Amino acid sequence: MLNDITIGQYFPAKSVIHRMDARIKILLLIAVLVMTFVASNAASMGLMIILVMTAIILSRVPLKIYFRTIKKIWLLILLTAVLNILYVDGEVIFAWGVLEITKEGIIRSVYMAIRIILLIISSAALTYTTSPTQLTDGIERLLRPLSLIGLGGAVHTMAMMMTLALRFIPTLMEETDKIMSAQKARGADLESGGFMQRIKALIPIFVPLLVSSFRRAVELADAMECRCYTGGSGRTHLNNPKAGARDLAASVIVVVVIAAVITFNITLDGIIWF
Amino acid sequence: MDNIIEIKDVSFRYSSEEESGDYVIKNLSLTIEKGSFTAVLGHNGSGKSTLAKLINGLIKPESGSVEVLGMSTSDEDKETEIRRNVGLVFQNPDNQLVATIVEEDVAFGPENLGMPPEEIRRRVDDALKRVDMYDYRSHAPHKLSGGQKQRVAIAGIIAMEPQCIVLDEPTAMLDPKGRDEVMDAIISLNKNSGITIVLITHFMDEAVRAGRVVVMDNGGIIMDDTPRKVFSNVSELKSIGLDVPQATELAFRMNGMGYEMPRDILTKEEFIKAFMEKYA
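In order, the protein sequences belong to chains A and B.
For the first sequence, the tail end lands on 274 under my numbering, and the numbers increase by one without skipping.
For the second sequence, the tail end lands on 554 under my numbering, and the numbers increase by one without skipping.
And the structure:
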């Protein structure tokens, strides 16, 4: 159960998307996320679907992995869809007591479901094709203008903390598993009892985990010092991504799609926010 | 030969021990020759890990001096220069790896030194090949075995192209297979790349493979000789809580029971040879 978490999971491959500059990928993702919410009719939403599908096919990450990501949040998608059906006024097609289902409600809930799915798979496409180090490097470089107001050191520190956190998630998971087994072997009961009782049962898990995390942190700090780490200044990078032709091409495509989505929105039915 | 490390009359204690006045390291002097392979033995609390940290300036001596390539570790300006020349590998590989991809982890040292990307790439590939982990360069460290992780950690140090590597019980948390992999990598670095090795260990069979064995007890050095000479002092080693290699132990016990055997046997093969000569 603990190995199931896919935060920052990276699938090494040599696709066009993998080789893009992380900064461009992050910016384009933000643009796509905004545009899925701007798209408000079939033509513009269809365009967004094509755009995201193209990206995930080009990423060369197996489609079933994207599918698995969606499967994990199907309940959220369903819930959002149901709430949208019930809360939109308009042409009633079915009524039962105070509950009314409207045509607009159904359309809107379909749109919302599509939006959430696009949101999840396009974000997943970023983390699947970008290693955590590249991702944090990308964020660090995007936030570089902050050093103009004296926050340069803080930006690097935050990025390093993110890298280390991602690095240690699997290690600490494994350790939690081990401690849980050790406590169970000594007769700890983690599965029965009321809510409070279960919370209390977790204390003997978290105390050793916390202690060992501190010990790891001290050793890690020593090891980093031994490898000449002195903070962000003067560091270089193994993969120094320079935005190249493929980044330009991707940006142009996204900009064209954005323009098309806005045009469709205005010309086909005015600005209607579904 | 030139000395790469010169430790002169060093004493050290952690701040928590200042009141009791117990020193972890007491008036210790040691020189390490360039290109040599030295094993440091000692039971828990003998001060051997502290010695490792003193060598590359993670901690500074309270009195005496530690010099690496003529630079004092107490000189703050020389800190980076010392650390790129004397790498330190720790016991737990999990706590030394900083990145989520093998090659990005190995690149950490050269990145900190501000090398250009092409040079980092060359060093990363070279370091991974030398520990035989090149095929795993795009793997996630947490999916590797203990021995593989430790070899990645060693590659991370080699990528800084140090002249000397100090390893603090690098095999203590590994299974026998991982231990062999790491020992082979260490020995190849010493023989083929001429890197000076200081191996801190409590496995006697590893110490046997070094050219020189230093035995520590109570913060000082009590023996310093070739493995053959050191391990012939069986009873003395046992009195400070250390073992000897199994073959040495067996020969020692046979002598005690009245069967004469040479006292400087180190390996299984040597034992069999001597036994066949005398008793077959």
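Heads up, the beta-carbon is just placed ideally off N, CA and C, and yes, glycines get one too.
On a predicted model such as this, the values are computed, not experimentally measured, just so you know.
In this structure, B/Val363 lies away from B/Ala381, with their beta-carbon atoms at least 7 Å apart.
Put simply, the backbone Cα of A/Ile56 is about 34 Å away from that of A/Ala154. The C-alpha of B/Thr324 is placed about 11 Å away from the C-alpha of B/Asn330. The three-state secondary structure of B/Thr522, taken from DSSP, is helix. One thing to note: A/Ser109 has its Cβ within 7 Å of the Cβ of A/Ile85.
Contact fails between the region 145 to 153 of chain A and the region 246 to 257 of chain A, because fewer than three Cβ pairs, one in each stretch, are under 8 Å apart. For B/Glu435, the nearest beta carbon of chain A is not closer than 7 Å to its own beta carbon.
When the beta-carbon positions are compared, A/Thr136 and A/Thr171 stay at least 7 Å from each other. Taking a cut-off of 8 Å for Cβ pairs, the region 301 to 309 of chain B and the region 235 to 246 of chain A do not touch, as fewer than three such pairs fall below it. Residue range Phe195 to Cys226 is occupied by the alpha helix (DSSP H) that includes A/Phe214. Per DSSP, A/Glu91 lies in no alpha helix (DSSP H) segment and is marked neither H nor E. Those residues of the region 225 to 250 of chain A placed with their C-beta closer than 8 Å to a C-beta in chain B are Glu225, Cys226, Arg227, Cys228, Tyr229, Thr230, Gly234, Arg235, Thr236, His237, Leu238, Asn239 and Asn240, ordered along the chain.
Of the candidates B/Met478, B/Asn359 and B/Asp368, B/Asp368 places its Cα closest to the Cα of A/Arg215. Any Cβ of chain B closer than 7 Å to the Cβ of A/Pro12 would place that residue at the interface, and such an atom is present.
Annotation for B/Val372: Asp379 and Phe382 place their beta carbon closer than 8 Å to its own, counting only its chain and skipping 5 residues before and after. Any Cβ of chain A closer than 7 Å to the Cβ of B/Pro391 would place that residue at the interface, and such an atom is present. Segment contact: the region 463 to 473 of chain B against the region 495 to 515 of chain B, fewer than three CB-CB distances shorter than 8 Å; contact not assigned. At a cut-off of 7 Å between C-beta atoms, A/Glu104 does not count as an interface residue with respect to chain B. In the three-state DSSP reduction, B/Ala484 falls in the coil class, being neither helix nor strand.
In this structure, the alpha-carbon of B/Glu377 lies about 12 Å from that of B/Ile428. Chain-order list of chain A residues neighbouring B/Asp368: Thr171, by C-beta distance under 7 Å. Burial is judged here by how many other beta carbons sit within 10 angstroms of a residue's own beta carbon; A/Ala185 has fewer than 16 and is exposed.
For the C-beta of B/Ile375, the chain A residues within less than 7 Å are, from N- to C-terminus, Ser131 and Thr133.
B/Pro536 and B/Glu551 have their C-alpha atoms roughly 11 Å apart.
Under the rule that a run must span 4 or more residues, the alpha helix (DSSP H) segments found entirely inside the region 83 to 141 of chain A read 103 to 129. Using a Cβ-Cβ cut-off of 7 Å, A/Leu164 is close to Val372 of chain B, given in chain order. Here the alpha carbons of A/Ser233 and A/Ile17 stand approximately 29 Å from one another. By the rule that beta-carbons nearer than 7 Å mark a contact, B/Phe286 does not touch chain A.
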